[in-house]
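Counting from 42, one number per residue, gives the positions in the sequence shown under the numbering used here.
Even glycine gets a Cβ: it sits at the ideal position worked out from N, Cα and C.
Here the structure comes first, spelled out in structure tokens, and everything after it is commentary.
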Amino acid sequence: MSYAGEYYQGTHKTFISKKLFDEVQKQIEKIERPRNKGHDFAFAGLATCGECGAAITAEQHIKKYKNGTGQTFIYYRCTKKLKPCNQKYVSESDAETQLRKIVSDCGLHEGWEPYFEKWISQAEEKDKLTAEVEEKQVNKQIQESEIKLNRLLDGYLDQVIEPEIYKQKKNEMFDEKLKFEEKKSQISKNGTVWLEPMREFVNCALQAQKIARAKNN
Numbered sequence: 042m043s044y045a046g047e048y049y050q051g052t053h054k055t056f057i058s059k060k061l062f063d064e065v066q067k068q069i070e071k072i073e074r075p076r077n078k079g080h081d082f083a084f085a086g087l088a089t090c091g092e093c094g095a096a097i098t099a100e101q102h103i104k105k106y107k108n109g110t111g112q113t114f115i116y117y118r119c120t121k122k123l124k125p126c127n128q129k130y131v132s133e134s135d136a137e138t139q140l141r142k143i144v145s146d147c148g149l150h151e152g153w154e155p156y157f158e159k160w161i162s163q164a165e166e167k168d169k170l171t172a173e174v175e176e177k178q179v180n181k182q183i184q185e186s187e188i189k190l191n192r193l194l195d196g197y198l199d200q201v202i203e204p205e206i207y208k209q210k211k212n213e214m215f216d217e218k219l220k221f222e223e224k225k226s227q228i229s230k231n232g233t234v235w236l237e238p239m240r241e242f243v244n245c246a247l248q249a250q251k252i253a254r255a256k257n258n
């Protein structure tokens, strides 16, 4: 914190950085507008047309028979809102077949699971060791900064250092110390920050294969 142009050590703990706070505020402003409810089509909104890039929409048609019964058919088609397109209607069963193929191609066979789990665990251990070394170095830098600040204060109290020079040097040293503390905080946060997203990615890829092979979902 700063008062009268001079930095002071705050007594409260910083919960989040200003950068993170600003990012959160931006996301809050992007609240999605509510959508109108319609038919619950299984594959609506999952893809765009491969030919023209327009959105894919679904339609429901009911075929009536002479005996009074009826049968419902669902078709998917390109909206053709971007430009002329030659793609025709696709039945829901054909759309399902195509989607299963795409999901299967993106999936990961379960035989790879032990390999990835071992690799992630080894990477996690390595990153933790690296973070410990870096944090130890930063702690030393913080300690050295505190020693310098104490020496500067002693010089000021002994009237060896002029007030204006003391104020200037204190601000410089305090700013340096804050940078070290921020660096330490980032080491703790970012050391293994990529591991959980990677685990989630592998898990999703494994699930994709199971979903693609399942008969009914």
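Item                                                                                                                                                        : Value
T120 and A85: beta carbons closer than 8 Å?                                                                                                                 : no
Where does Q182 sit, in a helix, a strand or coil, going by DSSP?                                                                                           : helix
Any contact of the segment 173-182 with the segment 216-234, i.e. 3+ C-beta pairs under 8 Å?                                                                : yes
Mind the definition here: the segment 229-245 touches the segment 118-138 only if three or more C-beta pairs lie below 8 Å; say whether that holds.         : no
Measure the C-alpha to C-alpha separation of Y197 and K159 and round it to an integer number of angstroms.                                                  : 57 Å
So what does K104 bridge to, in DSSP terms?                                                                                                                 : Q112
Which of helix, strand or coil does DSSP assign to V201?                                                                                                    : coil
In this structure, does DSSP put Y130 in helix, strand or coil?                                                                                             : coil
Measure from the alpha carbon of P125 to the alpha carbon of each residue in T171, E92 and I202, then state which is nearest.                               : E92
Look at the Cβ atom of C147, then the Cβ atom of A249, and state whether they are nearer than 8 Å.                                                          : yes
Ignore the nearest five residues each way along the sequence and tell me which others in H102's own chain have a CB closer than 6 Å to its CB.              : F114
How long is the line joining the alpha carbons of G261 and L247, rounded to whole angstroms?                                                                : Nothing can be reported for residue 261, as the shown portion of the chain is limited to 42 through 258.
Using the Cα positions of K129 and I143, report the straight-line distance between them to the nearest angstrom.                                            : 20 Å
Can you have a look at V131 and say buried or exposed, based on whether 16 or more other CB atoms are within 10 angstroms of its CB?                        : buried
Quick check on the burial criterion: 16 or more other C-beta atoms within 10 angstroms. Buried or exposed for A255?                                         : exposed
Report the start-end ranges of each alpha helix (DSSP H) in the segment 128-164 that is 4 residues or longer and not cut off at the edges.                  : 133-147
Start and end of the alpha helix (DSSP H) containing L236?                                                                                                  : L236 to R254
Using a Cβ-Cβ cut-off of 8 Å (strictly less than) and excluding sequence neighbours within five positions of K105, which residues of its own chain qualify? : G111
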